[in-house]
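**Q**
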Amino acid sequence: MNSKLLESMGLKNYIANAKYNFKYENSKDKIKDYMNSFLIEINLKPSIIYTARQIHSNKVAVAEKGEDFIYGKIIFDVDGLLTDKSKTALLIKFADCTPVVLFDAVNKVQVSLHSGWRGTSTKISQVAINKLVKDYGSKRENIFAFIGPTIDSELYEVGSEVYDAFSSFKSRDDFFSRKNEEKFNLNLKAANLSLLLEYGIPMENIEVSKDFTFSNNSFHSARRDGINYGLNAIITMIV
5 MNSKLLESMG
15 LKNYIANAKY
25 NFKYENSKDK
35 IKDYMNSFLI
45 EINLKPSIIY
55 TARQIHSNKV
65 AVAEKGEDFI
75 YGKIIFDVDG
85 LLTDKSKTAL
95 LIKFADCTPV
105 VLFDAVNKVQ
115 VSLHSGWRGT
125 STKISQVAIN
135 KLVKDYGSKR
145 ENIFAFIGPT
155 IDSELYEVGS
165 EVYDAFSSFK
175 SRDDFFSRKN
185 EEKFNLNLKA
195 ANLSLLLEYG
205 IPMENIEVSK
215 DFTFSNNSFH
225 SARRDGINYG
235 LNAIITMIV
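If you want the numbering used here, it's the position in the sequence shown, counting the first as 1, plus 4.
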């Protein structure tokens, strides 16, 4: 399971679903076994893997240094990882939040993002695009994007405080549906798509996954599974 668009542009990418569980609190040392099995399954041989301790922020960090982890390296308190190094794999975890991957196919720079409602409302995708343009000379027409599986909008009920957090979005009412005075349904895929389009990524450069987490038992889902939910993952690598 992957983005065919990113694959065609030269970025290896694969999604690990409920067959694996990348939530350390649940899996502990078994995560190493999950990782080894997953890499064998997808025939990926990175020289190093970077992951993040995700905090629902809009912080994006270059994948370098970091702390030793049970597999590879971990960077604390960020929700985006960036690298221009080949054979360096980035692994972002998600349950109902949205994984977003950006790839500059000319300069060969990739960014992998964890974009739940907090990351989306604080425009983590645009933070990442700014870094690509400013620090790597990327041109928006050369950036390709994948919006991955996330919670079904009709099953994602949020309060008015979430609606209010998106007040800076001109297109807010395109991806919120009001249920009553205090409750809304939020379409995270549409919200993330609006961010990319608003920031100049061409529609033809964007692939949106047709998969959803809550309604599909082959994925972990926090809303569906409760306190002991597991984590899916997306791994990406420049060859």
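Glycine included, every Cβ here is placed at the ideal spot set by N, Cα and C.
1. Please report the residue range of the alpha helix (DSSP H) in which R144 lies.
2. Just mark N221 as buried or exposed, buried being the case when its beta carbon has 16 or more other beta carbons within 10 Å.
3. Please list, in chain order, all residues of the same chain as C101 whose beta carbon is under 7 Å from its beta carbon, the five residues on each side excluded.
4. My understanding is that P50 touches M241, with C-beta atoms under 8 Å, so please give their C-beta distance in whole angstroms.
5. Is the CB-CB distance between L95 and S116 below 9 Å?
6. For the putative contact between A65 and V82, defined by C-beta atoms under 8 Å, what is the C-beta separation to the nearest angstrom?
7. Buried or exposed, going by whether 16 or more other CB atoms sit within 10 Å of the CB of D251?
8. Do T217 and N196 have their CB atoms nearer than 9 Å?
9. Which partner residues does Y18 have in the DSSP bridge list?
10. Ends of the beta strand (DSSP E) at I250?
11. In the region 138-205, which residue ranges form an unbroken alpha helix (DSSP H) of at least 4 residues, counting only runs that do not cross its ends?
12. For A169, which residues of its own chain have a beta-carbon under 6 Å away from its beta-carbon, when the five flanking residues on both sides are left out?
13. Exposed or buried, G141, counting other C-beta atoms within 10 Å across all chains shown (16 or more means buried)?
14. Spatial neighbours of V110 within its chain, please: C-beta separation below 6 Å, excluding the five flanking residues on both sides.
15. Name the DSSP beta bridge partners of E71, please?
16. Three-state secondary structure (DSSP) at L117?
17. Compare the beta carbon distance of V104 and I78 with 9 Å and say whether it is the shorter of the two.
18. Grab me the residues of E158's own chain with a C-beta within less than 8 Å of its C-beta, minus the 5 sequence neighbours each way, in chain order.
19. So is E211 buried or exposed if we call it buried at 16+ other beta carbons inside 10 Å?
20. Can the beta-carbon of I35 be found less than 9 Å from the beta-carbon of N25?
21. Do D178 and S198 count as a contact pair if the criterion is CB distance below 9 Å?
22. Out of K23, S213, N17, K138, which has the shortest C-alpha to C-alpha gap to F223?
23. Please say whether I133 and L106 have beta carbons closer to each other than 9 Å?
24. Beta-carbon separation of L85 and V113 under 9 Å?
**A** The relevant details are as follows:
1. Premise fails: R144 is in no alpha helix (DSSP H) and is neither H nor E.
2. Exposed, by the Cβ-count rule.
3. Cβ contact annotation for C101 (same chain, cutoff 7 Å, sequence separation greater than five): H118, S119, G120, T154, in chain order.
4. The beta carbons of P50 and M241 sit about 5 Å from each other, so the pair counts as a contact at 8 Å.
5. Yes, Cβ-Cβ distance for L95 and S116 is below 9 Å.
6. Contact between A65 and V82 holds: their C-beta atoms lie close to 4 Å from each other, under 8 Å.
7. With the chain represented from 5 up to 243, any question about residue 251 goes unanswered, as that position is not in the structure.
8. Taking a C-beta distance under 9 Å as the contact criterion, T217 and N196 do not qualify as a contact pair.
9. The partner list for Y18 (beta bridge, DSSP) reads I239.
10. Nothing about residue 250 can be reported from this structure: the residues present for the chain run from 5 to 243 only.
11. If we require 4 residues or more, the alpha helix (DSSP H) runs fully inside the region 138-205 come out as 164-169, 176-179, 192-202.
12. Within the same chain, A169 has close Cβ partners S125.
13. With fewer than 16 Cβ atoms within 10 Å of its Cβ, G141 is classed as exposed.
14. Contacts found: N146.
15. Note: E71 sits in a beta bridge opposite I78.
16. The three-state secondary structure of L117, taken from DSSP, is strand.
17. No, the Cβ-Cβ distance between V104 and I78 is not below 9 Å.
18. Same-chain partners within the cutoff: N189.
19. Counting C-beta atoms within 10 angstroms of its own C-beta, E211 has 16 or more neighbours from the protein chains shown and is therefore classed as buried.
20. Yes.
21. Contact annotation: S198 and D178 have beta-carbon atoms nearer than 9 Å.
22. In this structure, K23 is the residue among K23, S213, N17, K138 with its C-alpha nearest to the C-alpha of F223.
23. Against a cut-off of 9 Å, the Cβ pair of I133 and L106 comes out as a contact.
24. A distance of 9 Å or more separates the beta carbons of L85 and V113.
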